[in-house]
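Notes for the one structure printed next.
Number of protein chains: 2
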Amino acid sequence: MPGPLEGVRVLDLTRVLAGPFCTMMMADLGAEVVKVEVPGTGDDSRGFGPFKDGKSLYYITINRGKKSVALDLKKEEGRALLLKLARKSDILVENFRPGTMEKLGLGWDVLKKENPRLIYAAVSGFGHSGPDSRKPAYDILVQARGGMMSITGWPSSPPTRVGMSTGDITAALFGASGILAALYEREKTGTGQKVDVAMLDCQLAILENALVRYQVEGKAPAPLGTRHPTITPFQAFRASDAWFVVAVGNDSLWKTFCDALDRPDLLADPRFATNGDRTKNIADLSPELERVFARRKAAEWIALLEGAGVPSAPVNSVDKVMQDPQLLARNMLVTVEDRDVGTVTIPGNPIKMERLPESGSRPPAPDIGQDTVEVLEGVLGLGAAEIEALKAAGALG
Amino acid sequence: MPGPLEGVRVLDLTRVLAGPFCTMMMADLGAEVVKVEVPGTGDDSRGFGPFKDGKSLYYITINRGKKSVALDLKKEEGRALLLKLARKSDILVENFRPGTMEKLGLGWDVLKKENPRLIYAAVSGFGHSGPDSRKPAYDILVQARGGMMSITGWPSSPPTRVGMSTGDITAALFGASGILAALYEREKTGTGQKVDVAMLDCQLAILENALVRYQVEGKAPAPLGTRHPTITPFQAFRASDAWFVVAVGNDSLWKTFCDALDRPDLLADPRFATNGDRTKNIADLSPELERVFARRKAAEWIALLEGAGVPSAPVNSVDKVMQDPQLLARNMLVTVEDRDVGTVTIPGNPIKMERLPESGSRPPAPDIGQDTVEVLEGVLGLGAAEIEALKAAGALG
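One line per chain: the protein sequences are A and B, in this order.
Letter 54 of the first sequence, counting from 1, is numbered 54 in the working numbering, and no numbers are missing.
Each number in the working numbering corresponds to the 1-based position in the second sequence with 1000 added.
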């Protein structure tokens, strides 16, 4: 596909989420992604809901635009084919539990002998080193262990999981950067290298200022609902019909805000004079504002505040997000045409580049093994007889 | 610095979080990052807490290992110097509100004439196109508008903000991939290009399966606390002393789990026979398990369950995260030695690469303009008299 990664081939051994999201980014940037799936059952996420007409829309979303080759890596012929494909690829990505590739005889030591230019990226729960390297991981485990759940939620609520799999997806994102940095470096050195990204490490990496807050305050940061730790008011409020957010970032905006609400009393109140005062006295301020905002609809408050220059936005549910004019204008809601389930709307690619063509649609996700013959013929140059023999040996799907 | 981006120069006009996190990743991968700051005040985030001895640890965390050049871009001499620096750079990153660079006379049309090999990356709230392009954005605005707050929290709680600035940091991560893809492509074409990443777009991109859930179920996904929508039990529980998570991913693990808890009655209970049954009857199952888990400490339950092969983990607060043996073994807690505040522990780089040296420390963040003279002399070849004249004109810090 046209794009910065045109001509780059990714051999994709990934399953479920962290790995497939990473290789989806490569496909969106123009790479040829050859997904290797278990014959018969394929990627586990083909069994994950939501389903339409028995087909997983979970799988469709993050595997759009990839090819599928069904290879049985438990068979010697399957492994031999994988090594041949590795010779013809630029990047190999896997998200098995550490040790699995070595058990299959496909560890980095083997792969780099086959193809010294190969970039080998492993995305795992805990990484390829350390005492817990080989433990199984799920998103919820790294969100819990990595601190994210302890700072998300409300002061009075239990620890709260981020509503999407930030453990997986953040690892996919850091993994993509590692792969692309290695690809650039290979242009200089001619040599590939191993990239090792752990979901747990990535959770720590995005804790932002939580580490230094702990070091200064001597106690672990706690969840704050929607509000900002040091700026007030900077949070969600409930209007008469829906929630919305307002961000009064400084004292000058506070004046604008009070003027817009026609509340000179709040502006004159010494408890709320500076941002520091407002943060200290938030227990007095919040109920005042809650009473005000309960009187009109969210859209009215947003129009009023935005009109006055105070940043404000709706708290959108997913149905509203899918109609957002800015996201539509940015081509962030794209369709795939699936031969079984028809048109499905999925998130577009948020990396907009001058020489990456935009389109309102993406090629669909593959059926298991739909590209096996094409890839074996086209990439490896196998003939019909060889392919038949491999099928007979049970190595292909 | 040694690493895949050794020899790459990033001209960094970013402030606060999304941009600086992106260029921090470049520095961590070995690039030379030359941060351009406003003389006198510098990056706004130098004024953000937490503070130690009056110095912002927020700034220190995400600007480690960068150089600082103080240039007044409101002065003609300052802008002229910036264009000269752009000629000597590979990448320019900015996160101003769209339109600002053009107003300064430093828009992409101007920059690409100065240096056709330059990669120009803009990270903004809503992107460089669309009806809301020029609106101000904060993390809370895109978390609200992009749907994240609507799926995070508890069924009974108000919408909940993710406890870190996922709006900013996700844009930094997608931005880094766009920049690195453009850098690789430039090796083929010899030409740079513009990369345009919006915080709002990125929020949509990480909503995972929420879009397809809405399309199948016809109603917008709601927050679920810590639990999984379709796997049970897969959530946090309160032990006698602390919260922990358990992930019973399939029916075979359910048997293991009941055996480990010595609860054959639960295993035999037809309400809980299959994962589908357990999910349907979670209102019956959860109180049973809550009673069980309240009896012993979290560490005991985790040891028991992990010993039996059931994935389990503590819900760590930030103090515990900083002592995690796996994160320590992975070199994810690194120090910077700041000349004013001493040793500060910050998150390490989660992208582990064969030819990227690991270290337990990172170079400190710069003082405002500490590298101005070195960069003007070393990169632009200016002499002492020219630098004095620029200082006299007020163009330097």
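For every residue, glycine included, the Cβ atom is placed at its ideal position computed from N, Cα and C.
Keep in mind it's a predicted model, so treat the numbers as computed, not measured.
Residue-level contact to chain A via CB, residue i, 8 Å cutoff
i	result
glycine 1360(B)	no
isoleucine 1282(B)	no
alanine 1298(B)	no
methionine 1101(B)	no
valine 1033(B)	no
arginine 1117(B)	no
isoleucine 1206(B)	yes
glycine 1225(B)	yes
isoleucine 1346(B)	yes
leucine 1001(B)	The amino acid at residue 1001(B) is misidentified as leucine; the sequence shows methionine. No, methionine 1001(B) does not count as interfacial toward chain A.
glycine 1042(B)	no
isoleucine 1091(B)	no
serine 1157(B)	yes
Residues near residue i by beta carbon distance below 6 Å, same chain, minus five either side
i	result
lysine 55(A)	Asp340, Val341
leucine 8(A)	Note on residue identity: the sequence assigns valine, not leucine, to residue 8(A). Once the five neighbours on either side are set aside, the close Cβ partners of valine 8(A) are Ala31, Asp90.
aspartate 1043(B)	Arg1015, Glu1037
Status (buried if at least 16 other CB within 10 Å, exposed otherwise) for residue i
i	result
arginine 1291(B)	exposed
threonine 189(A)	exposed
arginine 1046(B)	buried
threonine 1230(B)	exposed
glycine 146(A)	buried
alanine 1268(B)	exposed
arginine 186(A)	buried
glycine 1225(B)	buried
lysine 67(A)	buried
glycine 1153(B)	buried
alanine 298(A)	buried
proline 2(A)	exposed
aspartate 1072(B)	buried
Separation of residue j from residue i, as counted between CA atoms
i	j	result
alanine 294(A)	proline 1155(B)	21 Å
glycine 1125(B)	lysine 1113(B)	26 Å
arginine 1134(B)	alanine 31(A)	32 Å
glycine 49(A)	valine 1246(B)	21 Å
aspartate 90(A)	methionine 322(A)	36 Å
alanine 70(A)	arginine 15(A)	13 Å
alanine 393(A)	valine 10(A)	26 Å
glutamine 193(A)	alanine 86(A)	13 Å
isoleucine 1179(B)	alanine 1121(B)	7 Å
threonine 1335(B)	leucine 1376(B)	29 Å
alanine 1308(B)	serine 1177(B)	40 Å
aspartate 1132(B)	arginine 1238(B)	44 Å
leucine 173(A)	proline 136(A)	20 Å
leucine 285(A)	glycine 167(A)	36 Å
lysine 1255(B)	phenylalanine 51(A)	27 Å
aspartate 109(A)	glycine 130(A)	19 Å
asparagine 115(A)	lysine 1219(B)	49 Å
leucine 1141(B)	asparagine 316(A)	10 Å
serine 1165(B)	aspartate 1201(B)	15 Å
threonine 1061(B)	leucine 396(A)	50 Å
glutamate 37(A)	glutamate 288(A)	58 Å
lysine 35(A)	phenylalanine 21(A)	12 Å
Cutoff 8 Å: residue i Cβ touching any chain B Cβ
i	result
proline 350(A)	yes
aspartate 277(A)	no
lysine 194(A)	yes
valine 315(A)	yes
valine 212(A)	yes
threonine 230(A)	yes
tryptophan 301(A)	no
glutamine 215(A)	yes
glutamine 323(A)	no
aspartate 319(A)	yes
lysine 52(A)	yes
Close Cβ partners of residue i (< 8 Å) along its chain, the five nearest in sequence each way excluded
i	result
arginine 1064(B)	Met1024, Ala1027, Val1336, Ile1346, Arg1362, Pro1363, Pro1364, Ala1365
Contacts around residue i, its chain only, beta-carbon distance under 7 Å, and the 5 residues preceding and following it disregarded
i	result
histidine 1128(B)	Pro1098, Ala1122, Asp1196
isoleucine 206(A)	Thr170
is_contact[residue i, chain E] using C-beta, thresh 8 Å
i	result
leucine 1106(B)	Protein chains A and B are contained in the structure displayed, whereas chain E is not.
Original post:
Okay, do the region 23–32 of chain A and the region 338–357 of chain A touch, 3+ Cβ pairs below 8 Å being the bar?
Top reply: Yes: at least three Cβ pairs fall under 8 Å.
Original post:
Are the region 1277–1286 of chain B and the region 1217–1236 of chain B touching, with three or more C-beta to C-beta distances below 8 Å?
Top reply: Of all C-beta pairs linking the region 1277–1286 of chain B to the region 1217–1236 of chain B, three or more are shorter than 8 Å, placing the two stretches in contact.
Original post:
Do the region 1302–1321 of chain B and the region 1252–1262 of chain B make contact, defined as three or more Cβ pairs closer than 8 Å?
Top reply: Judged by pairs of C-beta atoms under 8 Å, the region 1302–1321 of chain B touches the region 1252–1262 of chain B, as three or more such pairs exist.
**OP:** Take every Cβ of the region 1380–1389 of chain B, pair it with every Cβ of the region 239–253 of chain A, and state whether three or more of those distances are shorter than 8 Å.
**Re:** The answer is no - the region 239–253 of chain A does not touch the region 1380–1389 of chain B, with fewer than three Cβ pairs under 8 Å.
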